[in-house]
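Trainee: Just dropping this structure here.
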Amino acid sequence: MLLNKILVANRGEIAVRVIRACRELGIKSAAIYSDADKTSLHTLLADESYHIGNSPAQDSYLNKEKIIKLAKEIGADAIHPGYGFFSENAEFIKEVEKNNITFIGPSSKSVTLMGSKTEARKLMMKNNVPIVPGTTEPISAVKDGQKISKEIGYPVLLKAAAGGGGKGMRKISSSDEFESAFEATKREALKSFANDDIYLEKFIENPRHIEVQVFGDKQGNYVHLFERECSIQRRHQKIIEEAPSSFIDEITRKKITTAAVDAAKACNYFNAGTVEFLMDSMKNFYFLEMNTRLQVEHPVTEFITGIDLVKEQISIAAGNNLSFKQSDLKINGHALECRIYAEDPSNNFLPSTGLILNYVSPSGPGVRVDSGFNNGSEITVHYDPLISKLVCWSDTRESVIERMLSALSEYIIGGLITNISFLKLIVSDVSFRKGEININFLNDEFMNSLKKLDGFKNIQEIEKVSAIFTAILKSKSSFNNLQSKQTDPINQWPEQMYE
Ligand code: MV4
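By the working numbering, the letter at position 404 of the sequence shown is numbered 1419, and the numbering carries on one by one without gaps.
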C-alpha cells in the first residue's frame, strides 16, 4: 500500500516532527489547527492546513467527528495522532478504520488491552514478563485487600485499573490506613476514569523509571530499540530523558529488552510502542504499563540507533515489513533530552503564557531542537506548556552532558519564563552527573537546595524582567500587526521571512 496524504491530528513540536517525516517520504501532509494555532509552525509547514475549531482542545484537536470528516473530504489516506490527544483512544482508532483510513499506530485491540492495567498485568504474568507483586484482579472488599497487603508486605500502592500516568494512586503504609485509602481511591478512580476498579501492588522504594522502545510490523516481526532512562520527572511530568541508561549492564539490558519484546508479542502489537518498567537498586525490574504510542522522548532513541522512528511508523502502517532486523541495531554513543517548558521553577512551576520573542535556539554538532514554535508564536493556556525539546548526542555520557550544558547556555527564549536555568542546575548536579538518579531525584530536598542558591534566584529574576521587557517591546512593535494580518497561514512565508 502506498500512502498519498497524511492528516496530522496534533499540534506543536510533534506535528512538526511528523510533517518533516512526510516531506522526506514524499507524502503530502495536512495539518489541522485551532484559532490559537493560526500562525503556529505546524500550520505553516504542512502542505495543506485546515482550521478545525476554537482554541480549546475539545473544540479542535479532540473533535473526533470533525477530524475524521475532514480526513475523508481532503482525501487523506492515513492519520498520525502524535502523542496525547487521540493517540491512545481505542474508539478513535476504530472510527478511523471504519472509514477506511489507516491509523499510524497500533490496533484498537492492543490499545484497549493495555489500557486496563489489571488485564495487562494478567497478560504479562502469563507471558513471563515480571510484574510488581500484587493483584491481577480488582479488589472488591477492604478485608481482601488487607489480607493481600499483609502477605506482600506494607507499604503497598492502590492503583486504578483504568488509570495510568500516575493518576489515581495511593500509598498505604499500614493496615489501619487501608479502609479510608480504599474508599478514597475508588471515588477518585470513578471520577477520573468512570471506572472504580482498583488493584494492589507492592510499593517499590526509590525506583528508576526505565522504558524500552519496541516496534512490531503487521507481519508479526518484533524488535526493540534499547532502553531510555526517564527518572528525572516532577509530578509525573518527565523533564530529562536519556539513552542508554547508565545504570544498565549488558546482562540486564538483554533481560529487560527481551521482556519488552515479549510484552509486545503478548498483545500482538504493531507500530511503535514503549514498555515501562520500574527498576530497583538491585536491578530487579517490573512491568508497569505499555504506552501504545510514539513518545515525547523518542529522539534520544533515534540518536543512539540512527533509526527515524516516525518514518518507520509510517512505513509499518502502510503494511511494510520492519526495515531493519534486531541484529542491525547497536547502541551508538549517548543521547540526552531536556524538555523546555514555559513555566516558572521558582514559583511552583506556574505555567507562563505569552508571545515568544527574541527566540534564539542552539545548534552545532550533535544538537537537535524539536520545536513547535518560533519568534512571535504564542504559548496559551489551552495546551500543554512544552515549548521544545533540546536533544544532544555525543560519544559518552560525560561529553553529552557538557554538550547539553553548552546548548542550554545558548538557548534564548524571550517573552516568557522558561525552565532553562532549572535544567542547567539539574544537568550540572553532582549526583546527576554520576548517574545517581531515581524517580525521587527532584524531591523537596533538591528543590529546597535550589532556593538557597543565589545564582538561581538571580537567573529567575532576570528571566522575569526579560519577559516583562519583551512584552513591552511587543506592544510597541509591529508584531501585533503582523499577527493580525496572518489569516491565511499558507501565504504568509514572505512576510515572515522579511520580519
Ligand atoms: C509505582 C511506584 C512504586 N511502586 N508502582 C507512577 C505512574 C504510573 N505509571 C506508575 N507510577 C508508579 N508506580 C509501585 N508498585 C512508583 C510510581 C511512580 C513513578 C513511576 C514512574 C515514573 C515516575 C513516578 C513518579 C512517582 C511514582
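Glycine included, every Cβ here is placed at the ideal spot set by N, Cα and C.
What you are looking at is a predicted structure, and each value in this text was computed from that prediction instead of being measured.
Under 9 Å between the Cβ atoms of I1319 and W1408?
Mentor: The criterion of a C-beta distance shorter than 9 Å is satisfied by I1319 and W1408.
Trainee: Do the segment 1024-1031 and the segment 1051-1063 make contact, defined as three or more Cβ pairs closer than 8 Å?
Mentor: yes
Trainee: Which one or two residues does DSSP pair with Y1516 in a beta bridge?
Mentor: In this structure the chain extends from 1016 to 1514, so residue 1516 is not present and cannot be described.
Trainee: Do you know how far the Cα of V1157 is from the Cα of R1136?
Mentor: 21 Å
Trainee: With which residues is A1258 paired in a DSSP beta bridge?
Mentor: A1350
Trainee: To which residues of the same chain is I1167 closer than 6 Å at the C-beta, ignoring the five residues directly before and after it?
Mentor: P1148 and K1217
Trainee: Straight-line CA distance for I1505 to S1064?
Mentor: Since pLDDT at I1505 reaches only 47, below the 50 mark, its modelled position is unreliable, and the value read off the structure follows with that caveat. Each residue's alpha carbon lies about 7 Å from the other.
Trainee: Give the DSSP-derived three-state secondary structure of S1493 in the structure shown.
Mentor: In this prediction, S1493 has a pLDDT of 47, which is less than 50 and means its spatial position is unreliable; nothing more can be read from the coordinates.
Trainee: Determine the contact status of V1375 and V1290, defining contact as a CB-CB distance below 9 Å.
Mentor: Contact check for V1375 against V1290 fails: the beta carbons are separated by 9 Å or more.
Trainee: Could you give the residue range of the beta strand (DSSP E) that holds K1186?
Mentor: K1182 to I1187
Trainee: Bridge partners of R1358, per DSSP?
Mentor: The amino acid occupying residue 1358 in the given sequence is Glu; Arg does not appear at that position. Paired residues: P1366.
Trainee: Going straight from the alpha carbon of S1493 to that of R1185, what length do you get?
Mentor: Confidence is the limiting factor: at S1493 the pLDDT is only 47, short of 50, which leaves the residue's position unreliable and the question unanswerable from this model.
Trainee: Name the residue from I1477, P1360, S1378 and E1242 whose alpha carbon lies nearest to the alpha carbon of F1559.
Mentor: Summary: the structure shown does not reach residue 1559, with the chain confined to residues 1016 through 1514, and so no result is reported for it.
Trainee: Less than 8 Å between the CB of Y1301 and some heavy atom of the ligand MV4, yes or no?
Mentor: yes
Trainee: Just checking: is the beta-carbon of F1456 within a distance shorter than 9 Å of some beta-carbon in chain D?
Mentor: Considering every chain present, this structure includes no chain D. It has just one protein chain.
Trainee: Nearest-angstrom Cα distance between S1049 and F1388?
Mentor: 15 Å
Trainee: Once the 5 residues before and after A1176 are set aside, which same chain residues still bring their CB inside 7 Å of it?
Mentor: S1131, K1132, T1133, P1153, N1210, D1212, I1213 and Y1214
Trainee: In chain order, what residues of the same chain have a beta carbon less than 6 Å from the beta carbon of V1406, not counting five sequence neighbours either side?
Mentor: These residues qualify, in order along the chain: P1314, E1352 and R1383.
Trainee: Using a Cβ-Cβ cut-off of 6 Å (strictly less than) and excluding sequence neighbours within five positions of Y1169, which residues of its own chain qualify?
Mentor: S1188 and S1189
Trainee: For my contact list, I1225 and F1302 are in at a C-beta cut-off of 8 Å; report their separation, rounded to the angstrom.
Mentor: Not quite, the Cβ-Cβ distance comes to about 11 Å (not below 8 Å), so this is no contact.
Trainee: Could you check how far apart the C-beta atoms of G1178 and A1204 are, in whole angstroms? I think they sit under 8 Å.
Mentor: 7 Å
Trainee: For the putative contact between S1164 and F1193, defined by C-beta atoms under 8 Å, what is the C-beta separation to the nearest angstrom?
Mentor: 7 Å
Trainee: Which class does T1054 belong to by DSSP, given the choice of helix, strand or coil?
Mentor: coil
Trainee: Measure the C-alpha to C-alpha separation of I1515 and F1364 and round it to an integer number of angstroms.
Mentor: Residue 1515 lies beyond the residue range present for the chain, which begins at 1016 and ends at 1514; the question has no answer from this structure.
Trainee: Can you give me the C-alpha to C-alpha distance between E1358 and G1369, rounded to a whole angstrom?
Mentor: 11 Å
Trainee: Applying the criterion that 16 or more other CB atoms from any shown protein chain within 10 Å of the CB defines a buried residue, is Q1161 buried or exposed?
Mentor: Counting Cβ neighbours within 10 Å, Q1161 comes out buried, since at least 16 surround it.
Trainee: Thinking just about the alpha-carbon of each residue, which of S1464, N1458 and L1431 is nearest to the one in E1478?
Mentor: L1431
Trainee: Going by beta-carbon coordinates alone, are G1231 and N1286 separated by less than 9 Å?
Mentor: yes
Trainee: Any heavy atom of the ligand MV4 closer than 8 Å to the CB of F1218?
Mentor: yes
Trainee: Grouping DSSP H, G and I as helix and E and B as strand, with all else coil, what is I1581?
Mentor: Within the shown structure, residues of the chain are numbered from 1016 to 1514, placing residue 1581 beyond reach of any answer.
Trainee: To the nearest angstrom, how far is the alpha carbon of I1034 from that of D1092?
Mentor: 15 Å
Trainee: What number of angstroms, rounded off, separates the C-alpha of D1343 from the C-alpha of S1195?
Mentor: 53 Å
Trainee: With DSSP as the reference, please indicate the residues paired to S1064 in a beta bridge.
Mentor: A1046
Trainee: If we ignore side chains and look at the alpha-carbon of each, how far apart do T1200 and I1416 end up?
Mentor: A direct Cα-to-Cα measurement between T1200 and I1416 gives close to 40 Å.
Trainee: Can you give the beta carbon distance from M1139 to A1275, rounded, assuming they're within the 8 Å contact cut?
Mentor: The Cβ separation is near 11 Å, so there is no contact.
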